[in-house]
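Trainee: Position 130, counted from 1, in the sequence shown is what my numbering calls 130; the numbers after and before it change by one each time, with no gaps.
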Amino acid sequence: HRALNMETVEMTSVSLKRPHSEDGVANADETKRQKISEKDETEKNSGKKKVTEQQQKSLLQNTKKQMPSEEGEEQEDEELEDSEEDGDPESFADMMKHGLTESDVGITKFVSSHKGFSGILKERYSDFVVHEIAKDGHVSHLDDFSVPVDNEDPSEETFTVLSDEDKKRLEELQLFKNKETSVAIEVIEDSKEKRTVIHQAIKSLFPGLETKTEDRDGKKYIIAYHAAGKKALANPRKHSWPKSRGSYCHFVLYKENKDTMDAINVLSKFLRVKPNIFSYMGTKDKRAITVQEIAVLRITAQRLAHLNKCLMNFKLGNFSYKNHPLKLGELQGNHFTVVLRNITGTDNQIEEAMQSLREIGFINYYGMQRFGTTAVPTYQIGRAILQNNWTEVMDLILKPRPGAEKGYLVKCREEWAKTRDPAAALKKLPVKRCVEGQLLRGLSKYGMKNIISAFGIIPRNNRLMYIHSYQSYVWNNMVSKRIEDYGLKAVPGDLILKGATAVHIEEDDVDNYTIHDVVMPLPGFDVIYPKHKIGDAYKEMLVADNLDINNMRHKIRDYSLSGAYRKIIIRPQNVNWEVVAYDDPKIPLFNTDLDKLEGKPVPVLPTEGKFRALKMEFSLPPSTYATMAIREVLKMDTSIKNQTQLNTTWLR
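(1) Can you list the beta strand (DSSP E) stretches of 3 or more residues lying completely in the region 451 to 490, in chain order?
(2) Phenylalanine 319 and valine 393 look like a contact to me (Cβ under 8 Å); what is the Cβ gap, rounded to whole Å?
(3) Excluding the 5 residues flanking isoleucine 458 on each side, which residues of the same chain have their C-beta closer than 7 Å to its C-beta?
(4) Which class does aspartate 593 belong to by DSSP, given the choice of helix, strand or coil?
(5) Beta-carbon separation of isoleucine 202 and alanine 224 under 8 Å?
(6) Under DSSP, the beta strand (DSSP E) around methionine 520 begins and ends at which residues?
(7) Taking the continuous beta strand (DSSP E) assigned at methionine 552, which residues delimit it?
(8) Runs of 4 residues minimum, wholly inside the region 365 to 403: which ones carry the alpha helix (DSSP H) assignment?
(9) Just tell me which of Asn476, Thr344 and Arg441 has its CA closest to the CA of leucine 121.
(10) Where does leucine 426 land, buried or exposed, given buried means 16+ other C-beta within 10 angstroms?
(11) Less than 8 Å between the CB atoms is what I'm expecting for isoleucine 107 and tyrosine 365, so what's the real figure, rounded?
(12) Name the DSSP beta bridge partners of isoleucine 120, please?
(13) Out of Ile483, Pro242 and Leu464, which has the shortest C-alpha to C-alpha gap to serine 112?
(14) For threonine 260, which residues in the same chain have their Cβ closer than 6 Å to its Cβ, ignoring the five residues on either side in sequence?
(15) Counting only the same chain and skipping the five closest in sequence on each side, list residues whose C-beta sits under 7 Å from that of phenylalanine 159.
(16) Sort out for me which residues DSSP pairs lysine 567 with in a bridge.
(17) Relative to the C-alpha of phenylalanine 278, which residue among Leu304, Gly493, Asn576 and His141 is closest?
(18) Shortest alpha-carbon distance to valine 266 belongs to which of Phe314, Lys219 and Ser247?
(19) Rounded to the nearest angstrom, what separates valine 410 and alanine 288 at their Cα positions?
(20) Straight-line CA distance for asparagine 550 to glycine 563?
(21) Using a 10 Å radius around the Cβ and a threshold of 16 neighbouring Cβ atoms, would you call serine 453 buried or exposed?
(22) Out of Asn342, Leu209 and Ile264, state which residue places its alpha-carbon closest to the alpha-carbon of lysine 167.
(23) Do phenylalanine 371 and tyrosine 473 count as a contact pair if the criterion is CB distance below 8 Å?
(24) So what does DSSP say about valine 252, is it helix, strand or coil?
(25) Within the same chain, show all residues whose beta-carbon is closer than 6 Å to that of proline 492, passing over the 5 residues directly before and after it, in chain order.
(26) Mapping DSSP to helix, strand and coil, what is glutamate 81?
(27) Tell me the DSSP secondary structure of arginine 216 in three-state form.
(28) Counting Cβ pairs closer than 8 Å, one from the region 349 to 362 and one from the region 555 to 573, do we hit at least three?
(29) What does DSSP give as the partner residue(s) for glycine 208 in the beta ladder?
(30) Going residue by residue through the region 242 to 318, where are the continuous beta strand (DSSP E) segments of at least 3 residues, counting only ones entirely within it?
(31) Could you tell me whether the region 381 to 392 touches the region 583 to 590, where touching means 3 or more Cβ pairs closer than 8 Å?
(32) Looking at the secondary structure, which residues open and close the beta strand (DSSP E) in which leucine 182 lies?
(33) Use the C-beta contact count for methionine 368: other C-beta atoms within 10 angstroms, 16 or more gives buried, fewer gives exposed.
(34) Starting from isoleucine 496, trace the beta strand (DSSP E) both ways and give me its first and last residue.
(35) Quick check: is the beta carbon of phenylalanine 159 nearer than 8 Å to any beta carbon in chain D?
(36) Measure the Cβ-Cβ separation of leucine 614 and glycine 119 and say whether it is below 8 Å.
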């Protein structure tokens, strides 16, 4: 129980993250996963053995909020999360005992020899800060709110000349929300300048609308109407963009406690454009402060800068115009600043742990967030897809399960188990965008005999996420076995990359390589396997799962796996750390970009304090999990199940 004081907040944090978010996992196919509700900052009880009923209840409520459906809940679903009551509460630890632990997904080894210690990760989301690193090594920072000067920009008056009522009418017209084909705005205090500003305001704030001036009863009106039917909305006005200016406005997005896709959805709503005109290199975690570059097609820096006045939880800055969008995955990685609070380790333990992280690194496991949070792990669904066992896929996604879930999902699953009627089960879901809702809609549409088409209704990225989860499950298990059998040195038969090609290490060449060169394959039809007994272990693991390692092509092309190679050990770059003392768990222990821009003084910390925190910084390549680096430092299971059991031993 060395982690007894690794408080309740830990479980939100370590494990309940979107799979590829703050850890810089930039694979396009991993896109949206669970929406995790904001966690209340609960009081910390470092030494107490008891928690009040109120705290227990609040803990339970938080869990319910954090256990979304199988995969991608959408934004509109947020309001439901708070209003949902889930019947008689089991204790949180009882609910979570059905979850996964690290060993369930093959995470069993450590590379360092130091003794572990405990600490709280993400006690506050500001304890976890992520800065994106571009291909050229430039680290994203928000340090400039200024807008590039451009003579083509409309005047500032553009943003104030229209009344709220005018804006509402224009937005309804723009989005075809009413039957009107035009909106007339009377020009009060008529002058040519005034009319010009109104024309500019409508055209720049409501892409797709055209304007003209008309005389009616001796009064001047500006008439707004659709330029070219519905297509105009998706394609912001081409002719109004100066040729000399790059078509894309690049900017730095600083966000707190918001997922990248949610942030983009909010921006597109405010700008009245479609989210697909935004591009980015990687999605970042929700429960963190993250700083990354975003590009948007033909929206001026001036319009973007105006959003800073009305946006909660995020800021835009460092604007520039370029001729290209951003591509997913085109980044060098992410730089993390992490605070582990209330640590128990001695200075020597911490020094040893951090030196080991710097010199040896950590095992490049896929983190817990890759495998889902319910009693049905995502890799099991992936395995059933690969086995072409579609009834099993349907059952795994829809069947009732023990553990923490929202009330309406529990009712939906019960209805499904009782009636096997997709329409009846769907009626129990107020939120239809979760994976369960999408599958049930598909089954209603295509019938129970065509599960493949029904499953196809789920967005492609979410479908592929299941099979990638299975690949990750195999990879984690095989890497643990490789380290168990051969330790931390390169051996003959291991794989290394020469360029993009994997080759085996030969006996006479083995001294030229270290463990840091070794890669292992994610199973697929386009990879080779190690030539020692781990190669056989891959085959055996897949045979046990009724799969043939020599035939990873699926009759549905989307589900054919080509495979890939992944380094087994990652050595973080730019590793630095310090131990700081503090008295108040609520105060931040360092300044963020926004704090600096707003001129906030640097936190003054006592030399001696009630608590100690370990502040560490490191950079990781894309597709690696920061939680796995932190696990190596603390020597602690990062699963929600384990954290809850440790944290709630004293709840009983």
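For glycine and all other residues, C-beta sits at the position ideal for the given N, C-alpha and C.
Just so we're clear, the structure is a prediction, and the values are computed from it rather than from any experiment.
Mentor: In short, the structure shows the following:
(1) none
(2) One-based indexing of the sequence shown puts residue 319 at position 319. One-based indexing of the sequence shown puts residue 393 at position 393. Their Cβ separation, rounded to whole angstroms, is 46 Å, which puts phenylalanine 319 and valine 393 out of contact at 8 Å.
(3) If you number the sequence shown from 1, residue 458 lands on position 458. Around isoleucine 458: Val435, Gln438 and Leu439.
(4) Here the question's residue 593 lines up with position 593 in the sequence shown. In this structure, aspartate 593 counts as helix in the three-state DSSP scheme.
(5) What you label residue 202 is simply residue 202 of the sequence shown in a count that begins at 1. What you label residue 224 is simply residue 224 of the sequence shown in a count that begins at 1. Closer than 8 Å, so yes.
(6) Counted from its first residue, the sequence shown places residue 520 at position 520. 518 to 522 is the extent of the beta strand (DSSP E) around methionine 520.
(7) Residue 552 sits at position 552 when you count from the first residue of the sequence shown. Where methionine 552 is concerned, there is no enclosing beta strand (DSSP E), given that its DSSP letter is neither H nor E.
(8) 378 to 386 and 390 to 398
(9) Along the sequence shown, read from residue 1 onward, the residue named residue 121 stands at position 121. The shortest Cα separation from leucine 121 among Asn476, Thr344 and Arg441 belongs to Thr344.
(10) Within the sequence shown, the letter at position 426 stands for residue 426. Label assigned to leucine 426: buried.
(11) To locate residue 107, count along the sequence shown from 1; it is residue 107. To locate residue 365, count along the sequence shown from 1; it is residue 365. With a Cβ gap of about 5 Å, isoleucine 107 and tyrosine 365 count as contacting.
(12) As a first step, residue 120 must be located in the sequence shown, where it is residue number 120. Its beta-bridge partners are Arg341.
(13) The sequence position of residue 112 within the sequence shown is 112, counting from 1. Nearest of Ile483, Pro242 and Leu464 to serine 112, Cα basis: Ile483.
(14) Your numbering for residue 260 matches position 260 in the sequence shown. Hits under 6 Å: Thr283 and Lys284.
(15) Indexing the sequence shown from 1 puts residue 159 at position 159. His306.
(16) Against the sequence shown, residue 567 aligns to sequence position 567. Beta-bridge pairing links lysine 567 to Val519.
(17) In the sequence shown, residue 278 corresponds to position 278, counting from 1. Comparing Cα-Cα distances from phenylalanine 278 to each of Leu304, Gly493, Asn576 and His141, the minimum goes to Leu304.
(18) Position 266 of the sequence shown holds residue 266. When only C-alpha atoms are compared, the closest one is Phe314.
(19) Mapped onto the sequence shown, residue 410 falls at position 410. Mapped onto the sequence shown, residue 288 falls at position 288. C-alpha separation (whole angstroms): 30 Å.
(20) Looking up residue 550 in the sequence shown gives position 550. Looking up residue 563 in the sequence shown gives position 563. Taking the straight line joining both Cα atoms gives about 12 Å.
(21) Numbered from its first residue, the sequence shown carries residue 453 at position 453. Exposed.
(22) Indexing the sequence shown from 1 puts residue 167 at position 167. It is Leu209.
(23) By one-based count along the sequence shown, residue 473 stands at place 473. By one-based count along the sequence shown, residue 371 stands at place 371. The answer is yes: Cβ separation under 8 Å.
(24) The count along the sequence shown starts at 1 and reaches residue 252 at position 252. Three-state result, valine 252: strand.
(25) As a first step, residue 492 is located in the sequence shown; it is residue number 492 there, counting from the start. Correct list, in chain order: Ile505, Glu507 and Val510.
(26) Counting from one through the sequence shown, the residue named residue 81 turns up at place 81. Low per-residue confidence applies at glutamate 81: pLDDT is 32, beneath 50, and the placement is therefore not dependable, though the value from the model is reported in the following sentence. Helix at glutamate 81.
(27) In the sequence shown, residue 216 corresponds to position 216, counting from 1. Here arginine 216 sits in strand by DSSP.
(28) yes
(29) Residue mapping note: residue 208 aligns to position 208 of the sequence shown, counting from 1. DSSP, once it has assigned bridges, lists no residue as partnering glycine 208.
(30) 248 to 256, 278 to 280 and 289 to 297
(31) no
(32) Numbered from its first residue, the sequence shown carries residue 182 at position 182. Contrary to the premise, residue 182 reads as serine rather than leucine in this sequence. Start and end: 182 to 186.
(33) As a working mapping, residue 368 is identified with position 368 in the sequence shown. Methionine 368 comes out buried.
(34) Stepping through the sequence shown from its first residue, residue 496 is reached at position 496. Looking at the DSSP string, the run of the beta strand (DSSP E) that includes isoleucine 496 is 495 to 498.
(35) Structure shown: chain D not included; a single protein chain is present.
(36) On the sequence shown, position 614 is the one that residue 614 refers to. On the sequence shown, position 119 is the one that residue 119 refers to. It is a contact, given that the beta carbons lie within the stated cut-off.
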